[in-house]
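First to last, the sequence lines map onto chains A and B. Those letters in the first sequence? Residues 517 to 1129, by my numbering. Those letters in the second sequence? Residues 517 to 1129, by my numbering.
Number of protein chains: 2
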Amino acid sequence: MDSDYGIPRELSDLQKLRSHYQPKLPPCLEGTTVRVEYGDATTTADPVDAQTISRSFPHTYGQPLAHFLRATAKVPDAQIITEHPVIRVGVVFCGRQSPGGHNVIWGLHSALKIHNPDNVLLGFLGGSEGLFAQKTLEITDNILSTYKNQGGYDLLGRTKDQIRTTEQVNAALAACKSLKLDGLVIIGGVTSNTDAAQLAETFAEAKCPTKVVGVPVTLNGDLKNQFVETNVGFDTICKVNSQLISNVCTDALSAEKYYYFIRLMGRKASHVALECTLQSHPNMVILGEEVAASKLTLFDLTKQVCDAVQARAEQDKYHGVILLPEGLIESIPEVYALLKEIHGLLRQGVAVDNISSQLSPWAFALFEFMPPFIRKQLLLYPESDDSAQLSQIETEKLLAYLVEAEINKRLKEGIYKGKKFNTICHFFGYQARGSLPSKFDCDYAYVLGHICYHILAASLNGYMATVTNLKSPVNKWRCGAAPIAAMMTVKRWSPNPGATSIGKPAIHPANVDLRGKAYELLRQNAARFLMDDIYRNPGPLQFDGPGTDAKAITLCVEDRDYMGRIKDLQVYLDKIRTIVKPGCPQEVLKAALSIMASVTEVLSTMSSSGNNL
Amino acid sequence: MDSDYGIPRELSDLQKLRSHYQPKLPPCLEGTTVRVEYGDATTTADPVDAQTISRSFPHTYGQPLAHFLRATAKVPDAQIITEHPVIRVGVVFCGRQSPGGHNVIWGLHSALKIHNPDNVLLGFLGGSEGLFAQKTLEITDNILSTYKNQGGYDLLGRTKDQIRTTEQVNAALAACKSLKLDGLVIIGGVTSNTDAAQLAETFAEAKCPTKVVGVPVTLNGDLKNQFVETNVGFDTICKVNSQLISNVCTDALSAEKYYYFIRLMGRKASHVALECTLQSHPNMVILGEEVAASKLTLFDLTKQVCDAVQARAEQDKYHGVILLPEGLIESIPEVYALLKEIHGLLRQGVAVDNISSQLSPWAFALFEFMPPFIRKQLLLYPESDDSAQLSQIETEKLLAYLVEAEINKRLKEGIYKGKKFNTICHFFGYQARGSLPSKFDCDYAYVLGHICYHILAASLNGYMATVTNLKSPVNKWRCGAAPIAAMMTVKRWSPNPGATSIGKPAIHPANVDLRGKAYELLRQNAARFLMDDIYRNPGPLQFDGPGTDAKAITLCVEDRDYMGRIKDLQVYLDKIRTIVKPGCPQEVLKAALSIMASVTEVLSTMSSSGNNL
């Protein structure tokens, strides 16, 4: 299996053109001299979690934020790294492939070679399995040449996505030691970055000199927090899916006789579905977060869709496009409870054929109510993160089936008076996941790769590479690093009796924020999307011309750049110190004291209320 | 329903850019003066059919080919059309939408307005239903503005695709008379163009002055014959599908654990599957024509795929991509026979639930052998062209199911020694059908629209607009018109007892030519495609840069331009006449006679053997 990795490939004309694209670097990373400025010690978003996390991560919790600045930046405390001894770095793809992953490796390799041509980058073959087995490929510019700006993870491949058991952690430690690595870069999503933090802590405890760095690469877009604005791959996935959704919308409008139910890959959270809706304007989207928040049952959802179909039929419209996130199925309360029972029995070793007879009476009733194809899918063994096998459960077919039954019932009762209701179901995921990355993802991943080098040059351990202010052009991007432990939360309960996640600090997938601006934008337009068919076709992914520089709408409407604001706050604090220094007039000091007292009081009150803000 | 058609739409940036693209015209159609040159009277490809067809089409069979030439072309017999009285033309979308359809209307409108600003173009709303009901929308440049170079048929919509029953034909006749149409342009595939020919004949018989013109627009690419090289929409569909297939290939190569079974829309023939294979190099394709020719059973196909999976496993490869045309299911002999029985019973009015009990013993056995989901799909009522509902039968899932069962059996028996075999199934069709058209389809459709005008200006009836030499740049394209009746064949038998097509002349879908160059190219590469994963990613559809001018490979490898060659032959014949005119030396005449005698003999022998060439 090794021999196939990293071999030069024949590229199509378009791939060749893309492979010649050179992503730009923000000014702070240009040249060979970069300043590192450290912020204050970090804490977690929920102060209640801080103690648990600090106990679990004694070596790596509470480390300061790091900002990378131009060598000429006028920041007195920033430290310029001038020494660049030879280092050896390993890099590994963990978890599901995401477009742009290859560019992280390219960016890292490029930064390594700029700072010292003798630096070495080793890629682990076949994901974490390659790490444990110490199977490596030395990355060279020659090897990279046909993988630059290309999709997939096929340069190195990937298999399992876990570095968690004692054996796995020990194998990783042994690999880093025996390969004499100064740094290990882990490319992945929430699970892999949690593993990276754990590995960093274990290495620190074991006095292993290898520093561990995480990179936020996941098409789900659910590794989102105060430090991370979006993930590599999300932009591409949403653009490719939106192209396909809008093609289906055009098809619906041309044939005028089908309702398309489209399920979108993206795991538990509905970020992909929300973004695609804002890009392509289908008639309807059902977000898992909405369903969970309103505790909508399968019956409620069916009714909601049927009412929409009926309202459209009254306007003589017999076509439509409805999006569902793959995580929807777990957000429906009664289905979730059923899944919970099934997973519990499966974990107890009950054979699949005997499950239904051991369900509680109400769960059994729901199970029997389901069409046979769904029953089979609900019985699948849960994934390692305790969730159901979301990509395998055809929620779109279930909903289409229930809606059709209900419409036929209404037709018989004379409530629905329209034409025949026809459905076509789709699952969009794999066909987007292997796409050529968008320009944004090429740039973002390449810059993150460079940042990984600077994190290692600064000898930081347990950090994630971050870029903020992403909605602005590349020359305005702010580059930094945040301790992964600061992104963690602790789940105190789970309705899932077998859940291994209770009480353990981890990066949990961020849900769509129902109080956020992106969701607000959706709600403002939902009625028009539903009735007026204002389908929007962003077209196929481009590298030139209109649309090239379009970024994810959910990224741009939110007012983020947390890292930038943390810096702005520092500037204010420094300014106050300059204005109110010993010798300043009595009145100025008095005014400053009074204002600072009330600011402190307000912030203390707000902070102690924690997550309930 | 009317109010929504032709309304201006909000376009995305990319759509706007595309809408400003102005397709070029070949030199012969530039300016306002075009010469028409008529060739010899046409016949059909199979001389045996000629008599039947001439009896069915007494007014429109045997008409000459028409070539449109530059006004300055030095062709003595060509006629310049100088009079351009005001004409009124109707246009209708028939059958399934195909990318580029809108540009036929734009090209036609543009030619009409160039030649006389008072010309009128009426679009029928909602397909042939709108024609029967005389629901029209006058096409203006303003209405066209947001539909130029855009996908779908939503400018006018479409519903049913038939103009065949006496009521339908009479309604069409009444519409053309009452709207005082000089021409009716029918945009569609094999069925719609057969209907167009029938309508032309009926109109001629009824002395209705409306001339009927057909335009070859179908994503299936199966309206292929000596006069028609390819169809509008085929290029786009294949490019969009190839992009998705290659994304899936990249995904397969990254995860290394799935076999993807992808079924492609395209009706009975396998043109789309062949073209996509040549563009994206998946591991395997199973063409319906191959299966039919070799009479491969479901068991043979399963074995073939299992052997491939096993061969790859021996090279430690556990991933792959396999393409199937949607028509495959009908090409498998025993399944076809089963479908034939089911359709016969359905036509007799047997209820779906009672079908299986009335099947012949062997058909019953096969039916019972099938997994339940396929049984349900096989029981669907056949389409109007007597074929099964191909888009609804999940052949990819059936094959994946059978292969998995066989691999598990081999695993038990110790024959297969590899890892677990995992499949993911896809149907690609709707998501490509609504795409923005490729540059080629934009150009081709626009030129065809112009040709429709010249056909009408020349008062031709029952013709199809044609462009040949399409593999060359637009300025080398040859424009013409061919009588639709000359493209027909007569089916003399059908295994389907209820088939309405027997004995009736019609344009039948062209199969993939297993002796053609495109198929040869596939065979030459099949082994490398299967084992070496030389996946090729043509990338998303582009309008600029590399890949923009790429054309369908199946179009380019074939040595076509029949129309051009017919013209070349004429030039030779004319030359002989010039050389060997009265007064020429005795020897020259003698030599000419001798050679012509043998040429005549050879060609007569070849022609009389008809389709058995």
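Just so it is clear, CB atoms sit at the ideal spot from N, CA and C, and this is done for glycine as well.
- Under the Cβ criterion (8 Å, minimum of three pairs), the stretch 1031-1044 of chain A does not count as touching the stretch 726-745 of chain A.
- For residue 915 (chain B), not one C-beta of chain A is nearer than 7 Å to its own C-beta.
- Beta-bridge annotation (DSSP): residue 609 (chain B) is paired with B:703.
- DSSP lists A:699 as the beta-bridge partner residues of residue 727 (chain A).
- When the five nearest sequence neighbours on each side are left out, the beta carbons in the same chain lying within less than 8 Å of the beta carbon of residue 680 (chain A) are those of 711 and 714, in order along the chain.
- In terms of beta-carbon proximity, residue 669 (chain A) lines the interface with chain B, with at least one pair separated by less than 7 Å.
- Per DSSP, the beta-bridge partners of residue 1007 (chain B) are B:1018.
- When the alpha-carbon of residue 1020 (chain B) is set against those of B:947, B:834 and B:573, the nearest one is in B:573.
- Three or more Cβ pairs drawn from the stretch 796-804 of chain B and the stretch 829-847 of chain B lie within less than 8 Å of each other, which places the two stretches in contact.
- Using beta-carbon distances, residue 926 (chain A) does not count as an interface residue toward chain B, since no partner is under 7 Å.
- In the structure shown, residue 999 (chain B) falls within a strand segment according to DSSP collapsed to helix, strand and coil.
- Residue range 836-841 is occupied by the beta strand (DSSP E) that includes residue 838 (chain A), with no alpha helix (DSSP H) assigned at that position.
- Annotation: the continuous beta strand (DSSP E) that includes residue 553 (chain A) extends over 550-557.
- Under DSSP, residue 654 (chain A) forms a beta bridge with A:638.
- Judged by their CB atoms, residue 787 (chain A) and residue 860 (chain A) are not nearer to each other than the 7 Å cut-off.
- For the pair residue 951 (chain B) and residue 525 (chain B), the Cα-to-Cα distance works out to about 16 Å.
- Within the stretch 1044-1060 of chain A, those residues whose Cβ lies closer than 9 Å to any Cβ of chain B are, in chain order, 1049, 1050, 1051, 1052, 1053, 1054, 1055, 1056, 1057, 1058, 1059 and 1060.
- Using a Cβ-Cβ cut-off of 7 Å, residue 662 (chain B) does not count as an interface residue toward chain A, since no Cβ of chain A sits closer than that to its own.
- In the DSSP assignment, residue 983 (chain B) falls within the beta strand (DSSP E) that extends over 979-984.
- Within chain B, the C-beta atoms nearer than 7 Å to that of residue 767 (chain A) come from 613, 668, 946, 949 and 950, in chain order.
- Residue 930 (chain B) sits exposed, since fewer than 16 C-beta atoms from the chains shown fall within 10 Å of its C-beta.
- Across the set B:643, B:624, B:642 and B:644, the C-alpha of B:624 shows the shortest separation from the C-alpha of residue 635 (chain B).
- For the options B:566, B:656, B:597 and B:565, the alpha carbon positioned closest to that of residue 976 (chain B) is the one of B:597.
- Residue 557 (chain B) sits exposed, since fewer than 16 C-beta atoms from the chains shown fall within 10 Å of its C-beta.
- Taking a C-beta distance under 7 Å as the contact criterion, residue 766 (chain A) and residue 1055 (chain B) do not qualify as a contact pair.
- Judged by DSSP in its simplified three-state form, residue 776 (chain A) adopts strand.
- With respect to chain A, the C-beta atom of residue 842 (chain B) has no partner C-beta closer than 7 Å.
- Distance between residue 828 (chain B) and residue 772 (chain B), taken at the CA atoms: about 12 Å.
- Nearest to residue 554 (chain B) by C-alpha distance, out of B:1035, B:999 and B:1106, is B:999.
- Its chain contains 772, 773, 934 and 935 as the residues whose beta carbon lies nearer than 7 Å to that of residue 834 (chain A), once the 5 sequence neighbours on both sides are disregarded; these appear in chain order.
- Contact with chain B is found for residue 1062 (chain A), since one of that chain's Cβ atoms lies less than 7 Å from the residue's Cβ.
- Contact between residue 739 (chain B) and residue 709 (chain B) holds, with the beta-carbon distance rounding to 7 Å and staying under 8 Å.
- Under DSSP, residue 586 (chain A) forms a beta bridge with A:550.
- Taking 7 Å as the cut-off, the beta carbon of residue 1105 (chain B) is found no closer than this to the beta carbon of residue 1115 (chain B).
- Under the Cβ criterion of 7 Å, residue 708 (chain A) is not counted among the residues facing chain B.
- In chain order, 883 place their CB closer than 7 Å to the CB of residue 891 (chain B), counting only its own chain and leaving out the 5 sequence neighbours on each side.
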